[in-house]
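Chains as they are written, first to last, in the numbering used here: chain V, 854 to 1113; chain L, 804 to 970; chain U, 56 to 413.
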Amino acid sequence: MAGKGIADYVRGTQVWKSIFRHGPPENARNRAAVVAGNVFLHLHPIKLKKSGVQLGYTWCMGGLTFFIFLALTVTGVLLMFYYRPTAEYAYNDIIALKEHVPLGIMREIHRWGAHAMVITVWLHMFRVFMTGSYKPPREFNWGVGVILLVLTLLLSFTGYLLPWDQLAIWAITVGSNMAKATPFMGHGGPGAALAQIGDFVMVSDKNDVRFQLLAGRFVGEPALLRFYILHCVFIPCIVAVLIAIHFWRIRKDGGISAPL
Amino acid sequence: MSEELQLHLNRREFFSYLSVGWITFTAACAGMASLAFRFSYPNVNFEPEMEFLAGKTSDYEEGVDERWKNGFGVWMVKVEGKLFALSNICTHLGCIPNWLPAELKFKCPCHGSGYYMTGVNFEGPAPRPLERYAISITTEGLIKVDKTKIYRSEKGQWDHPSSFIPV
Amino acid sequence: MKEIINWMAEPIRSFPTFAILFFLMLKHYKTVGTKKFAYISLAVFFPAICWFCADPNFIKIILWPDNIPINILIITITFFTWLTLYKCAENDNRIEAGQLPLEALPENREKVWSWPNLVYTELFMIIACTIFLIVWAIIFKAPLEEPANPTWAPNPAKAPWYFLGLQEMLVYFDPWMAGVVLPVIILVGLILIPYIDTNPKGNGYYTFAERKMAITGFMFGWLVLWIYLIIVGTFLRGPNWTFYGPFEFWDFHKVEPMYNVNLSEYFWIKIFNTPMPTSLILREIPGIIITVIYLLMIPPIIGATKFGKKIIEKSGQIRFYIFVMLVLGMTSLPIKMILRWLFDLKYIIALPEWELNL
């Protein structure tokens, strides 16, 4: 009974009461208060339909995607302490991460987490489709979700270059050369040959979309820096905003879908 | 009556100021966006030399020569009385094909495009032959390869006098 | 036996097999979606997979670090596909019997507290996911190859696995189609799904019977065209992007003849026995006509059929034409694949002069 006594004492202190303004969530009033009064928990509604909490119905894939996104943010920030995005250092920094840094699995968690996130996003979309959850009133949120799916793939793709090994550089070479073939906007795409006045080529390898992506004509050091910024700052910011919209709309559109 | 008209005009005036305001705002946003877009295209970048001297014509034997492949991305090919500088960038997706001397062909590891020694594609997904670079002889008798000028077979440019050196 | 599987795995045979299996699965979803079926197939496939894994070449591809996610993907997708069919079958049987679907039962519509019902489920899933990731990270090292070398491409050079479906499409289409146009069609199509599918049924519960067309279309694109191509691109494409069976050693010298012919060559040289016309448009006119027919004639023809009329009546002209165009975009891939396998067809329209190859 001593443990109970200590727990009761801690709950009675001024410090505890200043942090948790309600009693333990053992009765209806406090269960409402804990969800409504906590900045993180209030993503949830206070009550929801029973079908919406069943794992067999939701598979929890959306929630896991968000969790993995947070885990990737944390591990990513930790990795940034040891990584320099230059052709000279990048590869050696990755080796150092494995060999000279305690908890040498940080990069593994980040990499496998990225792959896992792609899988959970796909399965989330699969579930949402199968339960018809894109139907009115949730059409807009489905669109936001599709864009988030693309951004997830782009995040993973930009991160793929950062180890600066053979796997990275050639995967990005193949991928970015598809941008070269964009109609009218890439110099190797249909329409580019038509945009030519005499000897003056309007769409060349120095001003097309691939050049913008790589800051060069091939995957080199400027591309590494550009992908690093896209991976660590640019795309995560957009994703964060869209996740906020996505969650907000789930609540506003009536929570997890259920039969009308 | 006149008072009502006054009110009406005021409201109309108000809306026209508002629309001028919105147009200015949109224009400013568009201007900022295009500046940011232009910002992503640097004026100078530090990529390898586009021109190099590739020795004398007598240095090359019949067939494919790989000595400039790693430094400059060029195969020197001497075949059918012509010496030309063949680009080593696959026309499919920009991988680097390998020269397979046993099979007398270039084979791209990414998607399996194959090219004859002349650079003409014959298998796999490559849409067109490899490109050739401008090649000339300097006054000192050395070969100069200029990678800024490209000659493409399907445009009929391989007959251009500066796309090869007769040997 | 292994030779037969190697032979069967080649896309020309495995793609139709996979597609037929897919349609059989949907046709008999009530049989597939039972626990009995799941246990029996587990009992059949588990020893088979063990036997597969005893092969050194097979296990080498399976255990290559960057292929682990695909193994996980295959396992999870198999399970979840079965799960949705199970749920669909359950609900459809109830609806047939005149009952409400499970999710609509009063006890499931009842509201429960988020704390503890939802919050604890989430906590449990988070802990499970964390443990899973850490174990995965300890067992499998993240791959790191030699330092980047822009003058030498490894063989084979592969994109990240989730783009291998696109890379596999590159075998059949030019980059501007496989890398730009088709992905854009996929994305636009996905975003437009809620606006095209006007069927009000099946909102918030699993059902197949009430939305057969939507689910068939989506699952076909998702399982047959996307996941299947990823599996082929990952496990069955070796050096030079040549096909290798699951038990085959990745021999760098395996030569596969790939002499592909353009439609214009078929048309002018083989049929009319004349040299190719010099005028570009005239040369490619058969392909251009076929493409125009495909894109502009097929939609109104479908619209005139009984099936098309029904859709137009239900959802309107604009929705119908957008829907048909998206479906035509999707089916262009299997069509091109089949043409390639049957006729060694390279391009329907071949205009390398304008970089416009189709």
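Note that beta-carbon positions come from the ideal geometry of N, C-alpha and C, so glycine has one too.
For this session: Return the first residue and the last residue of the alpha helix (DSSP H) that Arg-964 of chain V is part of.
Result: Here residue 964 of chain V is taken as the residue at index 111 of the first sequence, counted from 1. Where Arg-964 of chain V is concerned, the enclosing alpha helix (DSSP H) stretches over 959 to 983.
Exercise. Quick one: is Gln-1049 of chain V near chain L, going by C-beta distance under 8 Å?
Worked result: On the first sequence, position 196 is the one that residue 1049 of chain V refers to. Answer no: the Cβ-Cβ gap between Gln-1049 of chain V and chain L never drops below 8 Å.
Exercise. In or out: Val-190 of chain U buried (at least 16 other Cβ within 10 Å) or exposed?
Worked result: Looking up residue 190 of chain U in the third sequence gives position 135. Exposed, since its Cβ has fewer than 16 Cβ neighbours within 10 Å.
For this session: May I ask you to list the residues that DSSP assigns as paired with Trp-168 of chain U?
Result: Locating residue 168 of chain U in the third sequence gives position 113, counting from the first residue. Answer is V:Lys-900, bridged to Trp-168 of chain U.
For this session: Indicate whether at least one CB of chain V lies closer than 8 Å to the CB of Gly-927 of chain L.
Result: Along the second sequence, read from residue 1 onward, the residue named residue 927 of chain L stands at position 124. No, because no Cβ of chain V sits closer than 8 Å to the Cβ of Gly-927 of chain L.
Exercise. Which residues mark the beginning and the end of the beta strand (DSSP E) in which Trp-106 of chain U is found?
Worked result: By 1-based counting over the third sequence, the position of residue 106 of chain U is 51. Note, Trp-106 of chain U: premise wrong, no beta strand (DSSP E); alpha helix (DSSP H) at 90 to 108.
Problem set entry | Beta-carbon contacts of Met-804 of chain L that lie in its chain and below 6 Å, excluding the five residues immediately before and after | Here residue 804 of chain L refers to the residue found at position 1 when the second sequence is read from its first residue. Low confidence applies here, because Met-804 of chain L scores a pLDDT of 48, under 50, leaving its location unreliable; read the following figure in that light. Nothing listed; no residue qualifies.
For this session: Give the DSSP bridge partners of Ser-939 of chain L, in chain order.
Result: As a position in the second sequence, residue 939 of chain L is number 136, starting the count at 1. Looking at the DSSP assignment, Ser-939 of chain L forms a beta bridge with L:Lys-947.
Problem set entry | Straight-line Cα distance separating Pro-990 of chain V from Lys-256 of chain U | Along the third sequence, one-based indexing puts residue 256 of chain U at 201. Along the first sequence, one-based indexing puts residue 990 of chain V at 137. The alpha-carbon atoms of Lys-256 of chain U and Pro-990 of chain V are separated by roughly 13 Å.
For this session: For the alpha helix (DSSP H) holding Leu-856 of chain L, just list the boundary residues, first then last.
Result: For this step, residue 856 of chain L is matched to residue 53 along the second sequence. Not the alpha helix (DSSP H): Leu-856 of chain L falls in the beta strand (DSSP E), residues 854 to 856.
Exercise. How close, in whole Å, do the beta carbons of Val-997 of chain V and Arg-884 of chain V come, if the pair is a contact with beta carbons under 8 Å?
Worked result: Translated into positions along the first sequence, residue 997 of chain V becomes position 144. Translated into positions along the first sequence, residue 884 of chain V becomes position 31. Going by Cβ atoms, the distance from Val-997 of chain V to Arg-884 of chain V rounds to 30 Å, so no, they are not a contact pair.
Exercise. Among the residues of its own chain, which have a CB less than 7 Å from the CB of Val-867 of chain L, if the five just before and after it don't count?
Worked result: Taking the first residue of the second sequence as position 1, residue 867 of chain L is located at position 64. Excluding positions up to five away in sequence, the list reads Trp-878, Val-880, Trp-902 and Met-920.
Exercise. CA-CA distance, Ala-1046 of chain V and Pro-845 of chain L?
Worked result: Working through the first sequence from its first residue, we reach residue 1046 of chain V at position 193. Working through the second sequence from its first residue, we reach residue 845 of chain L at position 42. Looking at the two C-alpha atoms, the distance is approximately 24 Å.
Problem set entry | Neighbourhood of Leu-406 of chain U by C-beta, 7 Å cutoff - its chain only, sequence neighbours within 5 removed | Start at 1 with the first residue of the third sequence, and residue 406 of chain U comes out as number 351. Here the set comprises Leu-335, Glu-339 and Asn-412.
Exercise. Tell me which same chain residues have a C-beta within less than 8 Å of the C-beta of Met-392 of chain U, skipping the five on either side of it?
Worked result: Translated into the one-based positions of the third sequence, residue 392 of chain U becomes position 337. So the qualifying residues of the chain are Pro-66, Phe-70 and Tyr-227.
For this session: Pull up the distance between the alpha-carbon of Ile-356 of chain U and that of Ile-390 of chain U, whole angstroms please.
Result: Reading the third sequence from its first residue, position 301 is the one you call residue 356 of chain U. Reading the third sequence from its first residue, position 335 is the one you call residue 390 of chain U. The straight-line gap from Cα to Cα measures roughly 18 Å.
Problem set entry | Inside the stretch 129 to 175 of chain U only - beta strand (DSSP E) runs reaching at least 3 residues | 166 to 168
Problem set entry | Residues sharing a beta bridge with Ile-182 of chain U, DSSP | For the purposes of this step, residue 182 of chain U is taken as residue 127 along the third sequence, with counting starting at 1. Ile-182 of chain U is not bridged to any residue.
Exercise. Just reading off the alpha helix (DSSP H) that Asp-868 of chain L is part of, what are its end residues?
Worked result: Taking the second sequence and counting its residues from 1, one reaches residue 868 of chain L at position 65. Premise fails: Asp-868 of chain L lies in the beta strand (DSSP E), 866 to 868, not in any alpha helix (DSSP H).
Exercise. Which whole-angstrom value is the C-beta distance of Leu-917 of chain V and Leu-173 of chain U, which I expect to be below 8 Å?
Worked result: Here residue 917 of chain V is taken as the residue at index 64 of the first sequence, counted from 1. Here residue 173 of chain U is taken as the residue at index 118 of the third sequence, counted from 1. With 8 Å as the limit, Leu-917 of chain V and Leu-173 of chain U do not qualify as a contact, their Cβ atoms being about 14 Å apart.
For this session: Report the neighbours of Trp-296 of chain U on chain L: residues whose CB is nearer than 7 Å to its CB, in chain order.
Result: Locating residue 296 of chain U in the third sequence gives position 241, counting from the first residue. The contacting residues are Cys-913, His-914 and Gly-915.
Problem set entry | Expected contact under 8 Å - CB spacing of Ala-203 of chain U and Ile-1022 of chain V to nearest Å | Taking the first residue of the third sequence as 1, we reach residue 203 of chain U at position 148. Taking the first residue of the first sequence as 1, we reach residue 1022 of chain V at position 169. At roughly 4 Å, the Cβ-Cβ gap stays under 8 Å, so Ala-203 of chain U and Ile-1022 of chain V are in contact.
Problem set entry | Cα-Cα separation between Tyr-910 of chain V and Pro-1075 of chain V, rounded to whole angstroms | As a position in the first sequence, residue 910 of chain V is number 57, starting the count at 1. As a position in the first sequence, residue 1075 of chain V is number 222, starting the count at 1. For Tyr-910 of chain V and Pro-1075 of chain V, the distance between alpha carbons rounds to 46 Å.
Problem set entry | C-beta neighbour in chain L for Glu-982 of chain V, strict 8 Å | Residue 982 of chain V sits at position 129 when you count from the first residue of the first sequence. For the sequence presented, residue 982 of chain V should be read as Phe rather than Glu. So no, Phe-982 of chain V is outside the interface.
Exercise. At a CB-CB cut-off below 7 Å, which residues of chain V make contact with Trp-170 of chain U?
Worked result: Locating residue 170 of chain U in the third sequence gives position 115, counting from the first residue. Within chain V, the residues near Trp-170 of chain U are Pro-878, Arg-884, Val-887 and Val-888.
Problem set entry | Rounded separation between Asn-317 of chain U and Leu-188 of chain U - CA only | Looking up residue 317 of chain U in the third sequence gives position 262. Looking up residue 188 of chain U in the third sequence gives position 133. If I take the Cα positions, the gap works out to 49 Å.
Exercise. Going along the stretch 831 to 850 of chain L in order, which residues come within less than 8 Å of chain U, judged by CB to CB distance?
Worked result: none
Problem set entry | alpha helix (DSSP H) runs wholly inside the stretch 863 to 919 of chain V, at least 4 long, in chain order | 867 to 872, 881 to 890 and 908 to 911
Exercise. Straight-line CA distance for Tyr-261 of chain U to Thr-984 of chain V?
Worked result: Sequence index remark: in the third sequence, residue 261 of chain U carries index 206 (1-based). Sequence index remark: in the first sequence, residue 984 of chain V carries index 131 (1-based). Cα to Cα, the separation comes out at about 5 Å.
Exercise. Around the C-beta of Glu-961 of chain V, are 16 or more other C-beta atoms found within 10 angstroms, so that it is buried, or is it exposed?
Worked result: Position 108 of the first sequence, counted from the start, is the residue given in the question as residue 961 of chain V. Buried, because 16 or more other Cβ atoms sit within 10 Å of the Cβ of Glu-961 of chain V.
For this session: Taking C-beta pairs closer than 7 Å, name the residues in chain U that Pro-930 of chain L reaches, listed in chain order.
Result: In the second sequence, counting from the first residue as 1, residue 930 of chain L sits at position 127. What Pro-930 of chain L touches in chain U: Asp-229, Pro-407 and Asn-412.
Exercise. Between Pro-1075 of chain V and chain L, is there a C-beta pair that is closer than 8 Å?
Worked result: Sequence index remark: in the first sequence, residue 1075 of chain V carries index 222 (1-based). Interface residue, yes.
Problem set entry | Contact with chain V by Gln-222 of chain U, beta-carbon distance below 8 Å | What you label residue 222 of chain U is simply residue 167 of the third sequence in a count that begins at 1. It does; some Cβ of chain V falls within 8 Å.
For this session: Can you check DSSP and say which residues form a bridge with Met-879 of chain L?
Result: Looking up residue 879 of chain L in the second sequence gives position 76. For Met-879 of chain L, which the question treats as bridged, DSSP gives the partners L:Asp-868 and L:Ala-888.
Exercise. Skipping 5 residues on each side, what residues in its chain have a beta carbon closer than 7 Å to that of Val-863 of chain V?
Worked result: Residue numbering aside, residue 863 of chain V sits at position 10 when the first sequence is read from its first letter. Correct list, in chain order: Trp-869.
Problem set entry | Same chain, Cβ closer than 8 Å to Leu-1002 of chain V, neighbours up to 5 away in sequence not counted | In the first sequence, counting from the first residue as 1, residue 1002 of chain V sits at position 149. Once the five neighbours on either side are set aside, the close Cβ partners of Leu-1002 of chain V are Val-974, Trp-975 and Met-978.
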